[in-house]
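Going by numbering that gives the first Met the number 0, the first residue of the sequence shown is number 0, and it counts up by one from there.
Idealized CB from N, CA, C, for every residue including glycine.
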Amino acid sequence: MEVIQGNIVNIFDNTIQWGELIVKDGRIFTIKNFGEEKKGESYLLPGFIDAHVHIESSMLSPASFGRIALTHGTVGSVSDPHEIANVLGIDGVKYMIEDARQTPFKVSFGAPSCVPATSFETAGAVIGPKGIEELLNMPEISYLAEMMNFPGVIFKDEEVIEKLNIAKRLGKPIDGHAPAVRGEDAVKYFSQGISTDHECFTYDEALEKLKLGVKILIREGSAAKNFEALIPLAKEWSHQMMFCSDDKHPDELIKSHINALVARAIDAGVGLFDALRMASLNPVKHYSLPIGLLLEGDPADFIRVGNLRDFHVQETYINGKLVAERGQSKLPQTKSKIVNNFSAANLESNDLKVLCEDPFRKMNVIKVNDGQLITDFVKRDMKLEGKEIVADVENDILKLVVYNRYTTSPVSVAFIQGFGLKEGAIASSVAHDSHNIIAVGVDDAAIADAVNLVIREKGGVSAVSLEKMGVLGLPIAGLMSNKEPQEVAADYEQIDRFSKDILGATLAAPFMSLSFMALLVIPSLKLSDKGLFDGRKFEFVDLVES
């Protein structure tokens, strides 16, 4: 039995009182309130939950992710393992579950609904309705993960509807993914039992979906940042909202997590208790998570903070055990197994050439938007050297390639505006959602070198300049490292600086932004290993207009 004192924050009756928790056998046995809040003393409150995250995007295994998240007061997550599922199928999901058992961090996994995300790309695996049913019957799988094929839902694709019906029959929540889906299409999409959306990027879109009864997640990841646009809605709709990171790189996870969003929400005028419920109660109730909320009889999952302004976490408890203290994990180091699916052969620069005999045609070009996953579909003049279309560095129009990592096939080539590179190239085997190799650069030789570094490591992120090159290997499915989190974060921060300081990248998170340029289910224009894809019409388009 352990007695823990502090100002106890009760998110059910909106009170703060000085008191003590009596913890026994991993649960809160008794809560004693002694009187008014003691100014200057620390506060005990429910731990935070990331309501939608792809752990793989942190480049850390679940066990390593948990060790770092706990230092920021995050005691659990709602995790969609569809990144590794697109590489390794059901075995990849089972790998995540097994690895997560090495930490007390409470991960609720979903059954990836879209493997592959579309039929317009090559993934390493397929999970059909039978696979979905197998996963949803596992005790570690608590919901059907984001249904990204929103056209399939709206137009009632037989296999898509079958997957949704399996989840409804088993009584499992269904996560949504409906960027810019509004009006009658939104009604059709959410009427199929889908209950959340983390893809809203405007106030009006989120408000429309809130009025339909949809739970809206405020996302603030490394590439997609929707907090500023959506947080005003929390002043009225907090009961229907949650916080999530979706995709967060290791250098940012080391610094903060959901605790920073709670602090920012309060600073933006959201009530203290409303913000705390968005970060704890709402996801616990929606997903039926086995996470305590600082009630008698609950699992003793709670945190201690010094004040209710910045939410710097002093202590984190899981099942009554102190697992993190003042920014340091108290958990032992873990070792994650290596699993992978990688068969790509080296590229030659000649593999990347694109020819055109008519210099007066326009190109269909992807325009990246910093801080958003949505891209613009723009038309630009070609720059030709002889009959070859080349990057136009002066106008920031660079070559983008996607290379199938699972089977031998030609390279897919397009052009993109907005990365800002002045020399060299960057590449990654993190390319949502099929995770083929994606690269952007100013010339074919640099792009080939960057891609070949990734191939050498059987997964990773790389950067190549005129004089040097570097790579961070990601041997677990080409997505994650088995090194210590601090080492991965430091290595990533170094290669991120390389891309900005030496190559000239102007995006806040160039590697994260690059990884989404192959995500076909986010409009407007993206590139798969099979070609340039219009996400609005859900069809391929030519690079050069006819």
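query                                                                                                                  : result
Where the beta strand (DSSP E) containing Asp49 begins and where it ends                                               : Phe47 to Val52
Rounded Cβ spacing between Ala508 and Ser221 (contact assumed at less than 8 Å)                                        : 4 Å
Span separating the alpha-carbon of Ser194 from that of Lys167                                                         : 11 Å
Given 8 Å, three or more beta-carbon pairs between the region 56–73 and the region 327–337                             : yes
Three-state secondary structure assigned by DSSP to Ile146                                                             : Reading off the sequence, residue 146 comes out as Met, not Ile. Correct three-state label for Met146: strand.
Proximal residues to Ala462 (C-beta, below 6 Å), its chain only, five neighbours per side dropped                      : Ile425, Gly469, Ile494, Phe497 and Ser498
Alpha helix (DSSP H) segment containing Arg496, residue limits                                                         : Pro484 to Arg496
Buried or exposed (CB count within 10 angstroms, at least 16 for buried), Ser190                                       : exposed
From Val8, Ser56, Ile67 and Thr29, residue whose alpha carbon lies closest to that of Ser41                            : Val8
Those residues which DSSP pairs with Asp380 across a bridge                                                            : Lys361
As assigned by DSSP and simplified to three states, the class of Thr462                                                : The sequence shown places Ala at residue 462, rather than the Thr named in the question. In the structure shown, Ala462 sits in a strand (DSSP, three-state: E or B).
Residues sharing a beta bridge with Asn554, DSSP                                                                       : Because the chain here runs from 0 to 545, residue 554 falls outside it and cannot be looked at.
Local conformation of Ala84 per DSSP, three classes                                                                    : helix
Ile67 versus Asp442 - alpha carbon distance                                                                            : 38 Å
Beta bridge counterpart(s) of Cys243 as assigned by DSSP                                                               : Arg218
Endpoints, alpha helix (DSSP H) assigned at Tyr188                                                                     : Gly182 to Phe189
Per DSSP, the bridge partner or partners of Asn9                                                                       : Thr14
Candidates Ala517, Pro172 and Phe154, of which the one nearest Ala110 by Cα                                            : Pro172
Leu471 vs Asp490 beta-carbon contact at 8 Å                                                                            : yes
Integer Cβ distance of Ala488 from Pro249, believed to fall under 8 Å                                                  : 4 Å
Per DSSP, cross-strand counterpart(s) of Gln327                                                                        : Glu324
Rounded distance between the beta-carbons of Gln416 and Asp448, thought under 8 Å                                      : The pair is not a contact, with the Cβ atoms about 23 Å apart (cut-off 8 Å).
Phe510 - DSSP class collapsed to helix/strand/coil                                                                     : helix
Neighbourhood of Asn32 by C-beta distance below 7 Å, restricted to the same chain and skipping five residues each side : Ile7, Gln16 and Gly18
Three-state class that DSSP yields for Glu204 in the structure shown                                                   : helix
6 Å Cβ shell around Arg360 - same chain, five flanking residues per side excluded                                      : Val543 and Glu544
Lys247 vs Ser56 beta-carbon contact at 8 Å                                                                             : yes
Close beta carbons around Leu252, own chain, < 6 Å, minus the five adjacent residues each side                         : Ser57 and Ile67
The region 36–53 touching the region 293–309, judged by at least three CB pairs closer than 8 Å                        : yes
Where Phe154 sits in the DSSP three-state scheme                                                                       : coil
Inter-residue spacing [alpha-carbon to alpha-carbon] between His197 and Pro358                                         : 42 Å
Spatial neighbours of Ala177 in its chain, beta-carbon cut-off 7 Å, leaving aside the 5 residues before and after      : Phe149, Ala185, Tyr188, Asp196 and Glu198
C-alpha gap between Pro128 and Pro474, whole angstroms                                                                 : 29 Å
Closest Cα partner of Ala205 within the set Val322, Leu229 and Asn368                                                  : Leu229
Alpha-carbon to alpha-carbon, Leu135 and Cys143                                                                        : First, the residue type needs correcting, since residue 143 is Leu and not Cys in the sequence shown. If I take the Cα positions, the gap works out to 7 Å.
Close-in-space but distant-in-sequence residues of the same chain around Asn349 (CB under 8 Å, 5 per side omitted)     : Asp443
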